[in-house]
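Participant: Going by my numbering, the first residue of the sequence shown is number 11, and it counts up by one from there. Just so you know, even glycine gets a beta-carbon here, dropped at the ideal spot from N, CA and C.
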Amino acid sequence: MSEVCPARLCRRLLLVSVAVLPLVASPLSGADQLRLDALVQEGDLILEEAKTLTPADEQLAQEEQRLVASESALRDEVQSLNQTIAQFNAAMAQHNRDVQAYQGKCGGKATADKALEDACDARGLELREQVNLLEEERSQLRARQAELNARVDKQNAWAQDYAKRKGAQTSRDKLNQRDSEDWLGRAKQFFASADFAALLAQTGSPPACSADQITEIATLSARPALEGAQACLKAIKEASR
């Protein structure tokens, strides 16, 4: 027969025995685990897509700087050429007036005034030399204009191609942004739920899920907020294994 002990002493022994039992966290329920896994998997996909979009965003930003600089330089060249053309046209108009004045004064008429004849001959030679120079300048201006127009056409084609690629990239960025914001909305609801509080208690409140970290997530833009929230969810998932 076993020894009989006083009730108070037996109760004390029972309490001591219970106190030394190891504490074991309750495993996540099936629903909690599925919700956590779904959020983590979706978060990974969104972040991975964002990472693949980043290099293209950076390349397009750099290309835009080159495009703007090239367009500015071309605009200056066009303005300079237009000013040169305006000056040429003014010089040509003045030459035409000078020719008309010459014809009015000299007009090819025979004259006995030797001094006038010599002056007309000299002026006629000067005007012929002048028109030769003007025609040479006209030829140079046309060549310059053709070359510049070709570069303007090339610039416009580049700008159109860039705008098309930029538009497509912006659409992808906006879609990723919407996915991120939608995911964050569901993650924040999860963080505010009783299920999340229970998970924190079961997993020992990982540092990535501290109150300060969760509060900061609400103040961040989509990408860093998603990364912070994902770090917390992964920490809970790892601790619950």
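Considering A204, what are the terminal residues of the alpha helix (DSSP H) in which it resides?
Facilitator: 204-213
Participant: Within 10 angstroms of its Cβ, does Q240 collect 16 or more other Cβ (buried), or is it exposed?
Facilitator: buried
Participant: Does the beta-carbon of S190 have 16 or more other beta-carbons within 10 angstroms, so that it is buried, or is it exposed?
Facilitator: Flag for S190 reads buried.
Participant: Out of curiosity, what's the CA-to-CA distance linking H105 and Y112?
Facilitator: 10 Å
Participant: According to DSSP, simplified to helix, strand and coil, what is A250?
Facilitator: It should be noted that the sequence gives Ser, not Ala, for residue 250. It is coil, neither helix nor strand.
Participant: In whole angstroms, give me the CA-to-CA distance for C242 and P216.
Facilitator: Rounded to whole angstroms, C242 to P216 spans 7 Å at the Cα level.
Participant: Can you look up T229 in the DSSP assignment and give me helix, strand or coil?
Facilitator: coil
Participant: Between A208, A232, S90, which has its C-alpha nearest R196's C-alpha?
Facilitator: A232
Participant: Let's see if you can read the secondary structure: which residues bound the alpha helix (DSSP H) around C130?
Facilitator: 124-201
Participant: Please check the pair Q147 and F98, which I expect to be a contact at CB under 8 Å, by giving their CB distance rounded to whole angstroms.
Facilitator: In the sequence as presented, Gln is not what sits at residue 147; that position holds Glu. About 6 Å separates the two Cβ atoms, so the contact holds.
Participant: Rounded to the nearest angstrom, what separates E87 and K164 at their Cα positions?
Facilitator: 15 Å
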